[in-house]
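Worksheet for the structure shown next.
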Amino acid sequence: MRTLLVIGIGAGDPSHLTLGAIDALRSADVVIALDKGEQKADLLQIRRAVVDAHSPETPIVPVTDPERNRTPDDYRAEVRRWHGERARLLTEAITGATSPDGTAAFLVWGDPSLYDSTLRIIDRMREDTGLECTVRVIPGITALQTLTAAHAITANRIGEPIHVTTGRLLPTTSAADRRNCFVMLDGGATWNEVAGPDTYMYWGAYLGTPEQILRAGYVENIGDEVAALKYTLREHHGWIMDTYLLRELSEE
Numbered sequence: 001m002r003t004l005l006v007i008g009i010g011a012g013d014p015s016h017l018t019l020g021a022i023d024a025l026r027s028a029d030v031v032i033a034l035d036k037g038e039q040k041a042d043l044l045q046i047r048r049a050v051v052d053a054h055s056p057e058t059p060i061v062p063v064t065d066p067e068r069n070r071t072p073d074d075y076r077a078e079v080r081r082w083h084g085e086r087a088r089l090l091t092e093a094i095t096g097a098t099s100p101d102g103t104a105a106f107l108v109w110g111d112p113s114l115y116d117s118t119l120r121i122i123d124r125m126r127e128d129t130g131l132e133c134t135v136r137v138i139p140g141i142t143a144l145q146t147l148t149a150a151h152a153i154t155a156n157r158i159g160e161p162i163h164v165t166t167g168r169l170l171p172t173t174s175a176a177d178r179r180n181c182f183v184m185l186d187g188g189a190t191w192n193e194v195a196g197p198d199t200y201m202y203w204g205a206y207l208g209t210p211e212q213i214l215r216a217g218y219v220e221n222i223g224d225e226v227a228a229l230k231y232t233l234r235e236h237h238g239w240i241m242d243t244y245l246l247r248e249l250s251e252e
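For the sequence shown, position 111 (counting from the first letter as 1) is numbered 111 according to UniProt numbering, and the numbering increases by one without interruption.
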């Protein structure tokens, strides 16, 4: 039976891989990587840099990522359709590149458990295409850890919970949860929609890569500047991945 390795590789720095992740990568016959096109070629190149640094003999098989409707009427239905098409293409790549008892690896940004679809897609591969495989997950450093390390801050304050959400859901997040709230997958500048006078933001883009850029300050002071910077960076690179922490500094 084939083995699929789902390896967390951190936010982009090859030195962020754990020893376990490196060992797993070196045991793979092939790395399967989604190719998101010319605009996001940097993402594939970073994966190549990780492989070159730790297992240069392991071949990479790119798979063209299917198109996705970014403004669907039914968001969940579109994601399910998109995942189904991904599952079909990835199964074809895996069965074409490995023997029935071979090992294929997926290199996952951050950690496979946090806002990543690889494990769900593997479930679809099993259900929809009949792929027989065992799965091993190797954890990685998340973008949240990379962000807090870059700003030299803790993720939580004493006795206070941590809330993690997406930009799409941030406007409906309660004020209590927004007191110490990590936000991922924000396609815009949602911080400006929810911030009050005491909302402080720790923001980072391209975390863990040579292009890493950071900003910190009260949203009322830096919110518009960071929104403009984010737009400029996306235009320049063709893509952007940013993460931020919103923290209320007022006393309850």
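Even for Gly, the Cβ is constructed at its ideal location relative to N, Cα and C. On a predicted model such as this, the values are computed, not experimentally measured, just so you know.
Look at the beta carbons and you see the region 215 to 232 not touching the region 165 to 183: under three pairs across the two are nearer than 8 Å. Going by DSSP, D242 is part of the beta strand (DSSP E) stretching over D242 to E248.
Beyond the five residues adjoining it in sequence on each side, G208 comes within less than 7 Å, by CB distance, of G10, A11, G12, D13, H16 and T146 in the same chain, given in chain order.
Bridge pairing for N180: R247 [DSSP]. Judged by their CB atoms, A24 and R136 are nearer to each other than the 9 Å cut-off. Rounded to whole angstroms, the gap between the alpha carbons of G204 and A150 is 8 Å.
Rounded to whole angstroms, the separation of the alpha carbons of T71 and E78 is 9 Å. Secondary structure of G96 (DSSP, three-state): helix.
Residue pairing by DSSP puts D35 in a beta bridge opposite T64. CA-to-CA, the gap between G140 and H163 works out to about 20 Å.
In this structure, A105 and I7 form a Cβ contact; the two beta carbons are roughly 6 Å apart against a cut-off of 8 Å. Between Y200 and L246, the C-beta spacing is below 9 Å. Judged by beta-carbon spacing, P66 lies beyond the 9 Å limit of M1, meaning their Cβ atoms are not closer than that value.
The beta carbons of D186 and S250 sit no closer together than 9 Å.
For M1, there is no enclosing alpha helix (DSSP H), as DSSP marks it with neither H nor E.
In this model, R86 and T3 are separated by some 18 Å (Cα to Cα). Counting only runs of 4+ residues, the alpha helix (DSSP H) found wholly inside the region 184 to 242 occupies 191 to 194 and 219 to 237, in chain order.
By the neighbour-count criterion, in which a residue is buried when 16 or more other Cβ atoms sit within 10 angstroms of its Cβ, G110 is buried. Sequence-distant partners of L44 (beyond 5 residues in either direction) whose C-beta falls short of 7 Å from its own C-beta, in its chain, are A33, D35 and P62. In the three-state reduction of the DSSP assignment, L169 falls in the coil class, being assigned neither a helical nor a strand state.
Proximity of the region 86 to 95 to the region 111 to 125 meets the contact definition, three or more beta-carbon pairs being nearer than 8 Å. In the DSSP assignment, A105 falls outside any alpha helix (DSSP H) and within the unbroken beta strand (DSSP E) covering T103 to V108. When the alpha-carbon of R120 is set against those of T243, F182, E248 and R81, the nearest one is in R81. Take V194, set aside five residues on each side of it, and the residues of its chain with a beta-carbon closer than 8 Å to its own are L170, P171, T173, R178 and L246, in chain order.
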